[in-house]
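Peer 1:
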Amino acid sequence: MVDLREVSTKVLSIQSHTVHGYVGNRAVTFPLQYLNWDVDVLNTVNFSNHTGYGQVFGTETSAEQLLEIYKGLSVIGVEYDAVMSGYTPNKESLKAVGEICSDIKRKYSNAIWLLDPVMGDEGQLYVDESVVPVYKEILQSGKIDIITPNQFEAELIVGYEIVDKSTLRKALDDLHDKFNIDHVVISSFSSELSSKLKLREDDEPSKNVIYTIVSSKSKTQKEKTMYFKVPKLNSYFTGVGDLFSALLLDRVYKYTHQRQNSGKEAQAQILVDSVAEVLTVMSKVLRITQKMIF
332 MVDLREVSTK VLSIQSHTVH GYVGNRAVTF PLQYLNWDVD VLNTVNFSNH TGYGQVFGTE
392 TSAEQLLEIY KGLSVIGVEY DAVMSGYTPN KESLKAVGEI CSDIKRKYSN AIWLLDPVMG
452 DEGQLYVDES VVPVYKEILQ SGKIDIITPN QFEAELIVGY EIVDKSTLRK ALDDLHDKFN
512 IDHVVISSFS SELSSKLKLR EDDEPSKNVI YTIVSSKSKT QKEKTMYFKV PKLNSYFTGV
572 GDLFSALLLD RVYKYTHQRQ NSGKEAQAQI LVDSVAEVLT VMSKVLRITQ KMIF
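Residue numbers for the sequence shown follow my numbering, so the first one is 332 and each next one is one higher.
(1) Check whether the Cβ atoms of Val-561 and Ile-541 lie closer than 7 Å to each other.
(2) Measure the alpha-carbon distance for Leu-398 versus Ile-431 and round it to whole angstroms.
(3) By a C-beta neighbour count over all protein chains shown, 10 Å radius and 16 as the cutoff for buried, is Gln-598 buried or exposed?
(4) Report yes if the C-beta distance between Ile-478 and Leu-499 is below 7 Å; otherwise report no.
(5) Taking the alpha helix (DSSP H) that Asn-377 falls in, what are its first and last residues?
(6) Alpha carbon to alpha carbon, what distance is there between Thr-620 and Glu-423?
(7) Of all the options Gly-383, Asn-367, Asn-356 and Leu-366, which has the alpha carbon lying nearest to the alpha carbon of Asn-377?
(8) Roughly how many angstroms lie between the CA atoms of Val-409 and Ser-614, to the nearest whole one?
(9) Nearest-angstrom Cα distance between Ser-521 and Phe-568?
(10) Which term fits Lys-436, buried or exposed, when burial requires 16 or more other beta carbons within 10 angstroms of its beta carbon?
(11) Evaluate Val-494 with the Cβ neighbour count: other Cβ atoms within 10 Å of its Cβ, from every protein chain shown; 16 or more gives buried, anything less gives exposed.
(12) Compare the Cα-Cα distances from Gln-482 to each of Val-603, Pro-448 and Asp-459 and report the closest residue.
(13) Would Ile-345 and Ser-416 be called neighbours here (beta carbons separated by less than 7 Å)?
(14) Put Tyr-657 into one of helix, strand or coil per three-state DSSP.
(15) Put Lys-555 into one of helix, strand or coil per three-state DSSP.
(16) By alpha-carbon positions, which one of Ile-475, Ala-485 and Glu-453 ends up nearest to Val-463?
(17) Is it buried or exposed for Asp-412, if we count other Cβ within 10 angstroms and need 16 for buried?
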């Protein structure tokens, strides 16, 4: 149970809004509120439904509108403990999102920025392809604390396909070294790659699992990489990545403050512990959802 006497932490969530369905800000707001976060939502789009339906109706929020709304928040003195950025459909709006999040990091050095580069999955783009180089520019700023791409999104960032253990290792190194990201969580891999990945000698390749890779590295800390195998459910879900990122932000923020005197080495373990807990919660949520549908 949440102790209602605790002061809520405050997060700005910059993602999509849909009238129907639970993705983007619609997927993350209530779970974060339940976990004692005061959630401010800045919608990058206002759509009838998510893009998986094949057609959507509604409007995209322009870069000017995003910056104007954030200016209003700044004028009235809103302070943030964290910022989370997700689905942004075009390069102009994404540049504005980068400016907003960078300003929050400048004002509040201890704020956590979790960036979920929502661009697509399984080889299919959800956004205009012009956002890819903008994401690369934002990542190279060195201001992002955690990035949570899926396999396809990680490939778009590094510029090559991840086809085996060797290219996976190279991609993680590039995300750390070329893009200045300390903490990388590749949330999921394609069924094809998951079926042939053998990350440990006693692993048996299987199409019935999904891998999640966690990797941490900084100037003062050697790289630490862990992987998790999660049973694959034979169902189609939406908003899973959004919920995963929100729960991860919550766990990382709280563990960071609980273990703040533990030193740099603890940061990598915080990420591993957080991902382990979040995957457990996600598995239960998806199983309950599956039971309710079928």
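For each residue, glycine too, the CB sits at the ideal point set by N, CA and C.
Peer 2: Reading from the atomic positions:
(1) Taking the first residue of the sequence shown as 1, we reach residue 561 at position 230. Taking the first residue of the sequence shown as 1, we reach residue 541 at position 210. Remark: C-beta atoms of Val-561 and Ile-541 approach each other more closely than 7 Å.
(2) As a first step, residue 398 must be located in the sequence shown, where it is residue number 67. As a first step, residue 431 must be located in the sequence shown, where it is residue number 100. Going from the Cα of Leu-398 to the Cα of Ile-431 covers about 7 Å.
(3) Position 267 of the sequence shown holds residue 598. So Gln-598 ends up on the buried side.
(4) Residue numbering aside, residue 478 sits at position 147 when the sequence shown is read from its first letter. Residue numbering aside, residue 499 sits at position 168 when the sequence shown is read from its first letter. Not closer than 7 Å, so no.
(5) Here the question's residue 377 lines up with position 46 in the sequence shown. No alpha helix (DSSP H) contains Asn-377, which is instead part of the beta strand (DSSP E) from 368-378.
(6) As a working mapping, residue 423 is identified with position 92 in the sequence shown. As a working mapping, residue 620 is identified with position 289 in the sequence shown. Note on geometry: alpha-carbon atoms of Glu-423 and Thr-620 lie some 36 Å from one another.
(7) Here residue 377 refers to the residue found at position 46 when the sequence shown is read from its first residue. That would be Asn-356, whose Cα lies nearest to the Cα of Asn-377.
(8) Locating residue 409 in the sequence shown gives position 78, counting from the first residue. Locating residue 614 in the sequence shown gives position 283, counting from the first residue. If you take the alpha carbons of Val-409 and Ser-614, they lie about 35 Å apart.
(9) Position 190 of the sequence shown, counted from the start, is the residue given in the question as residue 521. Position 237 of the sequence shown, counted from the start, is the residue given in the question as residue 568. Separation of Ser-521 and Phe-568 (C-alpha to C-alpha, rounded to the nearest whole angstrom) is 15 Å.
(10) Start at 1 with the first residue of the sequence shown, and residue 436 comes out as number 105. Buried is the call here.
(11) Residue mapping note: residue 494 aligns to position 163 of the sequence shown, counting from 1. Classification for Val-494: exposed.
(12) Counting from 1 along the sequence shown, the entry for residue 482 is found at position 151. With distances taken between Cα atoms, Gln-482 lies closest to Pro-448.
(13) Counting from 1 along the sequence shown, the entry for residue 345 is found at position 14. Counting from 1 along the sequence shown, the entry for residue 416 is found at position 85. It is a contact, given that the beta carbons lie within the stated cut-off.
(14) Beyond the ends of the chain as shown, which are 332 and 625, falls residue 657; an answer cannot be given.
(15) On the sequence shown, residue 555 is found 224 positions in, with the first residue counted as 1. In the structure shown, Lys-555 sits in a strand (DSSP, three-state: E or B).
(16) Your numbering for residue 463 matches position 132 in the sequence shown. Of the candidates Ile-475, Ala-485 and Glu-453, the one whose C-alpha sits nearest the C-alpha of Val-463 is Ala-485.
(17) As a position in the sequence shown, residue 412 is number 81, starting the count at 1. By the 10 Å Cβ count, Asp-412 comes out buried.
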